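Enquirer: One line per chain: the protein sequences are A and B, in this order. Just so you know, numbering that gives the first Met the number 0 puts 146 at position 147 of the first sequence, and the rest follows in order with no gaps. Just so you know, numbering that gives the first Met the number 0 puts 223 at position 224 of the second sequence, and the rest follows in order with no gaps. I'd like to ask some things about the structure below.
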Amino acid sequence: MSLRLGVPRWVIAVAALGAAFVVLPLVAMALRVDWAHFLPLIASPSAVDALLLSLRTSLLATLGCLVLGVPMAVVLARVPFAGQRVVRAIVLLPLVLPPVVGGLALLALYGRRGLLDGALNVAFSTPAVVIAQTFVALPFLVLSLEGALRSAGERYEAVAATLGARPSTVLFRVTLPLVLPAVVSGAILSFARALGEFGATLTFAGSLQGVTRTLPLEIYLQRETDPDAAVALSLVLVAVAIAVVAVAHGAGEGLRPWRARRPA
Amino acid sequence: MARPAARMSLRLEAAADARDVAVSLTLEHGETLAVLGPNGAGKSTVLGMLAGLVRPDRGRATLGGDVLFDLPGRWQPPHLRGVALLAQDALLFPHLSVRANVAFGPRASGAPRAEAAERADEWMRRTATADFAHRRPAELSGGQAQRVAIARALAAEPRLLLLDEPLSALDVAVAAEVRGMLAGVLAGRTTVLVTHDALDAYLLADRVAVMHDGRVVEEGPTRRVLERPRHPFTAELSGLTLVRGVRTPGGMRTDDGMLLSGHAAEPVAPGAPVLAAVRPSAVRLAATATGAPDAATPDAATPDAATATASSIAATVTALEPQADLVRVRTDRLDALVPPADVADLRLRVSSPVTLTVPPTAVTVYP
Chain A
0 MSLRLGVPRW VIAVAALGAA FVVLPLVAMA LRVDWAHFLP LIASPSAVDA
50 LLLSLRTSLL ATLGCLVLGV PMAVVLARVP FAGQRVVRAI VLLPLVLPPV
100 VGGLALLALY GRRGLLDGAL NVAFSTPAVV IAQTFVALPF LVLSLEGALR
150 SAGERYEAVA ATLGARPSTV LFRVTLPLVL PAVVSGAILS FARALGEFGA
200 TLTFAGSLQG VTRTLPLEIY LQRETDPDAA VALSLVLVAV AIAVVAVAHG
250 AGEGLRPWRA RRPA
Chain B
0 MARPAARMSL RLEAAADARD VAVSLTLEHG ETLAVLGPNG AGKSTVLGML
50 AGLVRPDRGR ATLGGDVLFD LPGRWQPPHL RGVALLAQDA LLFPHLSVRA
100 NVAFGPRASG APRAEAAERA DEWMRRTATA DFAHRRPAEL SGGQAQRVAI
150 ARALAAEPRL LLLDEPLSAL DVAVAAEVRG MLAGVLAGRT TVLVTHDALD
200 AYLLADRVAV MHDGRVVEEG PTRRVLERPR HPFTAELSGL TLVRGVRTPG
250 GMRTDDGMLL SGHAAEPVAP GAPVLAAVRP SAVRLAATAT GAPDAATPDA
300 ATPDAATATA SSIAATVTAL EPQADLVRVR TDRLDALVPP ADVADLRLRV
350 SSPVTLTVPP TAVTVYP
């Protein structure tokens, strides 16, 4: 271990307070769960529908983020162009925008009386859920991948080009493999964001059971009628989120066999 | 030029204004050209232009019948040039095994898997890297990694090989070993080698070009350029002291009045302007008695004696620089390379008056 410099004790105290601030509400919720009826509560048809819809749409949204986000990150990190800062700021806008506003914007484009004049009539359908989730989750992937590409540098890519590799070959055989951990962790973060999406989905896709009512919408709805069910479903969402974060954290390390193995 | 275009001969004439580099180089098929010069002279920029990684503002480069660039206008991207670049760091792809690294070039240019593997094996054999074919680059030593990088560059079967200080990141013993291997694989291969080490040029290059401040200041066959430098920077690189003057029967008289005995590399008429390269390791050094300074020996003690007589010159120390196990004593006249013990015994320091004794064998006079 390296030498550990002293951190002021008050910093540690405040940090512990911060941790409690995050953990205590979750603990409180776990304590309120009606464990005797836990399984029936989360196994109701509407709850199962919502969970399956959430998983399905979040996976599709993650795929959408990868397909659109990887090229966006590559362009932002590798292609110098005028107005790059502005473009990056706009791309990252969904991070800071209230999701409801995002939903309204999507409606304004794709909606029946939207800019596309209903040509792509997806509002209030399952594809609308995927679009809303992709919209809010995309910046997570772009942001983490762009940073990784910048810090990886272009030296390996230059070598690959002088060895005769076409730009596409360089991208698939050198650039992306080198930032694979960032691609995976960015995708997992996007998945988590998509899974938790609420505001944009409700505004743009509505809340139809089995079609657009994802788990967060179901939880919000159940809270009105059956608070016990809402708490139980929340716990399911927390469990899924924890699993995702754990995988994302592990992925960063595990995908670097060439760094982990040291020379004998 | 009347000479017909050789098969893979290289012609480069280009300028990159932002880096203040403007160069003109030619290289025949199968020759190795060493580009020598201090840091920041623009050597790597020249390689970048040839590899297609640095875009000059204007100029033209051809390799055989191919136009690498003709700016403004034509620009061939790096992957179509058949020009492989090997840098100071091996830069092996960390996610690929040694074998996959070496097979990268053949695979990238579309060779089938089996043929690429065959070519990789052949080059790993020739660079003695076959033993660690299945290791990851992180598991290799610096010398091993550089040998793999050489194998990888050659497996791509480049028409032109560029080496950017390939040995400077290695320790001395390993560098010697890799240099020996390079000498073998470079034979008959059109190569541009950038280095700041004259030894690399002597052992690996047919021709050298010396760069300074973005310009080629001197160019020609390795030995002629390094042993008979025409430019102070070249002399500095090969460890010689360069002086200018006119031919005398026994040697030369420098512009600042020193009389040096020495051998002429070729006949030169007395009175004609000449250069002389002085080997500092052969220059002897003695402390000048402080009581009687230069008066007794104004400039030279042996005016026009026979060529066999050593010249003796009064000088003042201007700098002391450690150089391997010796000390380079720079003076206002000539440099001397002496053991540290001598520096201590003579209590040498900057501005000490000294007497330099220059045997005729230390001096080569040339037009």
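No residue lacks a Cβ here, since even glycine has one placed at the ideal position from N, Cα and C. It should be emphasised that the depicted structure is a prediction, and the values quoted were computed from it without experimental measurement.
1) Does any CB atom of chain A fall closer than 8 Å to the CB of Arg158(B)?
2) Determine whether the Cβ of Ala160(A) lies closer than 8 Å to any Cβ atom of chain B.
3) Applying a beta-carbon distance threshold of less than 7 Å, which residues of chain B neighbour Pro176(A)?
4) Leaving out the 5 sequence neighbours to the left and right, which residues in its chain are closer than 7 Å to Val237(A) when beta-carbon positions are compared?
5) Output the distance between the C-alpha atoms of Val328(B) and Leu355(B), rounded to the nearest integer angstrom.
6) With 16 as the cutoff for other CB atoms within 10 Å, does Gly82(A) come out buried or exposed?
7) Hey, could you find the ends of the alpha helix (DSSP H) Gln83(A) is sitting in?
8) Do you know offhand how far Met48(B)'s Cα is from Val20(B)'s?
9) For a quick check, are the C-beta atoms of Arg206(B) and Pro228(B) less than 8 Å apart?
10) I'd like to check one pair, Ala264(B) with Tyr365(B): are the Cβ atoms closer than 8 Å?
11) Only counting runs of 3 or more residues, tell me where the beta strand (DSSP E) segments fall wholly within the region 108-157 of chain B, in order along the chain.
12) Please identify, using Cβ separations under 9 Å, the residues of the region 232-243 of chain B that lie next to chain A, in order along the chain.
13) Could you name the residues of chain B that Ala157(A) contacts, counting a contact when the two beta carbons are closer than 7 Å?
14) When we look at the beta-carbon of Val326(B) and count the other beta-carbons within 10 Å, is it buried (16 or more) or exposed?
15) When the distance is taken between beta carbons, is Thr330(B) closer than 8 Å to Ala314(B)?
16) For Leu218(B), which residues does DSSP report across the bridge?
17) Would you mind working out which of Ala35(A), Leu51(A) and Arg212(A) sits nearest Ala127(A), comparing C-alpha positions?
18) Which class does Ala294(B) belong to by DSSP, given the choice of helix, strand or coil?
19) Checking the sheet assignment: what are the DSSP bridge partners for Glu12(B)?
20) So, using beta-carbon positions, are Gly185(A) and Leu137(A) closer together than 8 Å?
21) In chain A, which residues lie less than 9 Å from Arg151(B) when you measure between Cβ atoms?
22) Could you check the C-alpha separation between Leu284(B) and Pro338(B) for me, to the nearest Å?
23) Give the interface partners of Arg165(A) over in chain B, defined as CB-CB distance under 8 Å, in chain order.
24) Rounded to whole angstroms, what's the CA-CA distance from Asp303(B) to Leu32(B)? Just pull it up for me.
25) Is Met103(B) close to chain A, meaning its C-beta is less than 8 Å from at least one C-beta of that chain?
26) Taking the C-alpha atoms as reference points, what is the distance between Ala286(B) and Pro55(B)?
27) Using 8 Å as the threshold, is the region 110-129 of chain B in touch with the region 61-69 of chain B, meaning 3 or more CB pairs across them?
28) Which two residues bound the contiguous beta strand (DSSP E) that contains Thr354(B)?
29) Thinking Val184(B) and Val282(B) are a contact (beta carbons under 8 Å), I'd like their distance in whole angstroms, please.
Expert: The relevant details are as follows:
1) No, its Cβ sits nowhere closer than 8 Å to a Cβ of chain A.
2) Answer yes: the Cβ-Cβ gap between Ala160(A) and chain B drops below 8 Å somewhere.
3) The answer, in chain order, is His94.
4) If we look at Val237(A) and ignore the five residues flanking it on each side, its Cβ neighbours are Leu25.
5) Whole-angstrom Cα-Cα distance: 11 Å.
6) Looking at its Cβ environment, which holds fewer than 16 other Cβ atoms inside 10 Å, Gly82(A) is exposed.
7) Judged by DSSP secondary structure, Gln83(A) falls within the alpha helix (DSSP H) whose first and last residues are Gln83 to Val90.
8) The straight-line gap from Cα to Cα measures roughly 11 Å.
9) Not in contact: Arg206(B) and Pro228(B) (Cβ atoms no closer than 8 Å).
10) Judged by their CB atoms, Tyr365(B) and Ala264(B) are nearer to each other than the 8 Å cut-off.
11) Entirely contained in the region 108-157 of chain B, not one beta strand (DSSP E) run reaches 3 residues.
12) Result list empty, no residue passes.
13) Those are Leu52, listed as they occur along chain B.
14) Its Cβ being crowded by 16 or more others within 10 Å, Val326(B) is buried.
15) In this structure, Thr330(B) lies closer than 8 Å to Ala314(B) by Cβ.
16) Correcting the residue identity first, residue 218(B) is Glu in this sequence and not Leu. According to DSSP, which records beta bridges pairwise, Glu218(B) is partnered with Ala208(B).
17) Scanning Ala35(A), Leu51(A) and Arg212(A) for the CA closest to the CA of Ala127(A) turns up Arg212(A).
18) For Ala294(B), the pLDDT reaches just 39, beneath the cut-off of 50, and the residue's location in the model is therefore unreliable, leaving the point undetermined.
19) Under DSSP, the beta-bridge partners assigned to Glu12(B) are Ser23(B) and Arg59(B).
20) Pairing Gly185(A) with Leu137(A) gives a Cβ-Cβ distance that is not under 8 Å.
21) Here the neighbours are Val158 and Leu162.
22) Looking at the two C-alpha atoms, the distance is approximately 11 Å.
23) Here the neighbours are His78 and Ala107.
24) Bear in mind that a pLDDT of 42 at Asp303(B), under 50, signals an unreliable position, so the model cannot answer this.
25) Met is not the amino acid found at residue 103(B); the sequence shown has Phe there. Closer than 8 Å: yes.
26) Approximately 53 Å between the Cα atoms of the pair.
27) Taking 8 Å as the limit for Cβ pairs, the verdict is that the region 61-69 of chain B does not touch the region 110-129 of chain B.
28) Per DSSP, Thr354(B) is one residue of the beta strand (DSSP E) stretching across Pro352 to Val357.
29) Incorrect: roughly 39 Å between the Cβ atoms, too far for contact.
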